[in-house]
Structure formats: C-alpha cells, structure tokens
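Residue numbers (our numbering): 2 to 292.
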C-alpha cells in the first residue's frame, strides 16, 4: 500500500520544460513513475520528453486524469502554481522549489484549508515509494521496498538514513521529505497518521531539526495515539548556537523555543526511541524491530 502515492499515481509536472524539471522528470520516467504530461502556460499543445504539454493544470487533469503534480516552478511563481493545482482539485502537489517567500506560503496555507489537495513542501526532496513511484529530486538508487516509513525535514539526512535502512535489509515503505521551511504543507503529524494506518509500514523514522514546533506537536500526537509501531527519531542541531538560523529557513531557535533538547525530551516522553547519532538511526530501528 505505502502512503500517498503508488504505481497507479498519474503525475504531471508544472514547469516541465525547464532545465531542472527536464533532468529530474527524465529520471522519474526511467524509474517507472507514471508521468502523463506537463503544464507550462503558453506552451500548450507542444510535446516535451514525449509528453503532452498543457496551458493549465485544469486542462492537464481533464485530459490525463492526473492525480499528482510535481511543482518545478521558480520561487516567485511557485505559490501561484501550487494554488492553481489546488483549484484544479489535484489530490497531491509536491513542491521542490527552494526560497519560496514566507508570505506567499501563508497565502497557500489559507487556500489549502478545506481543499481536496495535500501539499508536500516547498523546499521538499519529494516522495518515493520504492519500485513504484518517485516524485521529486531524491536519489532512487539507495531505496529498496520494505517496511520502514521515513518522514524528514532534511534531504541530506534522508539519503544517509535511507542508505542505513537499506544496508540492514529493512527497506522503505515510503520516504517523504516535508522540507525545512517555516511554512509548509504536510507535516510530521499528517505523515504519522498515514503511516499508522498503512499495513505495509512496520516502523517509522522521524528526522527532525531545530526550529519551529513540528516535533513537539508530533510528540503530543504520538502520546495521544498510542501507536503499536516503533518510532525512531533523530533531531539534528544539538550543538547549534541559539538565535542563529542554520541552513534551512525554518531552523532557528528563538528565545529557547524549538531547541533540539526540547524536541528530544518531548519525543522521548512520548515513547519515541531517540537515535544517539545520525549514524545510528538504522541500527536503532533494526533493534526496535528485533525487540
């Protein structure tokens, strides 16, 4: 089953003819993802990568039956592209664009309320169900089908942990990169809820970092849900200086809130297993599954 996507997912790409989109969508098609078209305003009727190009998401959905969109649109236009996908009622939009203005994302969040669309990103590595579907920019060669669900704010950490999980022959059910921006679509709680309900997911890895309160909210949700599946977490930034933004736009501690230690304490209190280091996430989940 996995979550959010599978081999039946029909994917379009907003911004398909761009250099970056062309590079990554070629690889998605080669991976076996069912890419059915692209959207580039003003280029409707053309072909690119052998796929039909449409002027709007609504046209693409009507003509292809698309159920997911990969948003490869420059930062200044990304919010408008996401909102267009929402208005076309596409079930899933995955935005990989970095540096989308925060106020633009506030507008997107308001438009998502009550809509039929789930958003992953922006600034997302994407989502992959090994062997079935890949939407985004993540390397697919590290992934293997299996039972570990991964949800992460960090692309580089995700690749490291996927490699560990694969080395222990556990494999992944779904890997989701929710991104490191301060305003975003799906978060830890949304993904945990889906992983809890997914019979193919036997354990879950959360990769968090400093800044914001997403990890603390996830801890509260876990405490209330009392899941039967083991959850392993690693929170990056234990030694990060306070009141200084680190890498991702959302990774800043403000007046003692959002620190790694606060997040780790909250997750541990909720029954989550904390990996001692980034290099030990795979062994921690292996030990949890072995009882």
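Beta carbons are placed, not taken as given, at the ideal position from N, Cα and C, and that holds for glycine.
inquiry  = Looking at the secondary structure, which residues open and close the alpha helix (DSSP H) in which residue 128 lies?
reply    = Counting from 1 along the chain shown, the entry for residue 128 is found at position 127. Where residue 128 is concerned, there is no enclosing alpha helix (DSSP H), although the beta strand (DSSP E) it sits in stretches over 127 to 130.
request  = Return the residue from the list 93, 116 and 281 that minimises the CA-CA distance to residue 5.
outcome  = The count along the chain shown starts at 1 and reaches residue 5 at position 4. Ranking 93, 116 and 281 by Cα distance to residue 5 puts 93 first.
ask   = Does DSSP put residue 113 in a helix, in a strand, or in coil?
value = For this step, residue 113 is matched to residue 112 along the chain shown. Reduced to three states, the DSSP call for residue 113 is helix.
query = What first and last residue would you give for the beta strand (DSSP E) that runs through residue 235?
reply = Start at 1 with the first residue of the chain shown, and residue 235 comes out as number 234. Note, residue 235: beta strand (DSSP E), 232 to 237.
task = Output the distance between the C-alpha atoms of residue 284 and residue 146, rounded to the nearest integer angstrom.
result = Position 283 of the chain shown, counted from the first residue, corresponds to residue 284. Position 145 of the chain shown, counted from the first residue, corresponds to residue 146. Near 18 angstroms, if we compare the C-alpha coordinates of residue 146 and residue 284.
task = Go ahead and label residue 165 buried or exposed: buried means 16 or more other beta carbons lie within 10 angstroms of its beta carbon, across all protein chains shown.
result = Sequence index remark: in the chain shown, residue 165 carries index 164 (1-based). Buried is the call here.
task = Measure the alpha-carbon distance for residue 269 versus residue 82 and round it to whole angstroms.
result = For the purposes of this step, residue 269 is taken as the residue at position 268 of the chain shown. For the purposes of this step, residue 82 is taken as the residue at position 81 of the chain shown. Going by the C-alpha atoms only, they are around 39 angstroms apart.
query = Of the choices 210, 273 and 105, whose alpha-carbon is the least far from that of residue 156?
reply = On the chain shown, position 155 is the one that residue 156 refers to. It is 210 whose Cα lies nearest to the Cα of residue 156.
Where the alpha helix (DSSP H) through residue 143 begins and ends = Mapped onto the chain shown, residue 143 falls at position 142. It is not in any alpha helix (DSSP H) - residue 143 carries neither H nor E in the DSSP assignment.
ask   = Going by alpha carbons, who is nearest to residue 158 out of 173, 280 and 55?
value = For the purposes of this step, residue 158 is taken as the residue at position 157 of the chain shown. It is 280 whose Cα lies nearest to the Cα of residue 158.
query = Where does residue 283 fall in DSSP's three states?
reply = Residue mapping note: residue 283 aligns to position 282 of the chain shown, counting from 1. Helix, per DSSP.
request  = Could you work out which residue in 174, 263 and 175 is closest to residue 212 when comparing CA atoms only?
outcome  = The residue given as residue 212 occupies position 211 in the chain shown. Residue 212 has its Cα closest to that of 263, out of 174, 263 and 175.
request  = Can you say whether residue 104 is buried or exposed, counting buried as having 16 or more other CB atoms within 10 angstroms of its CB?
outcome  = If you number the chain shown from 1, residue 104 lands on position 103. Counting every other CB atom within 10 Å of its CB across the protein chains shown gives residue 104 a total below 16, marking it as exposed.
task = Indicate whether residue 62 and residue 95 have their beta-carbon atoms separated by less than 8 angstroms.
result = Taking the chain shown and counting its residues from 1, the one referred to as residue 62 is at position 61. Taking the chain shown and counting its residues from 1, the one referred to as residue 95 is at position 94. Cβ atoms of residue 62 and residue 95: not closer than 8 angstroms.
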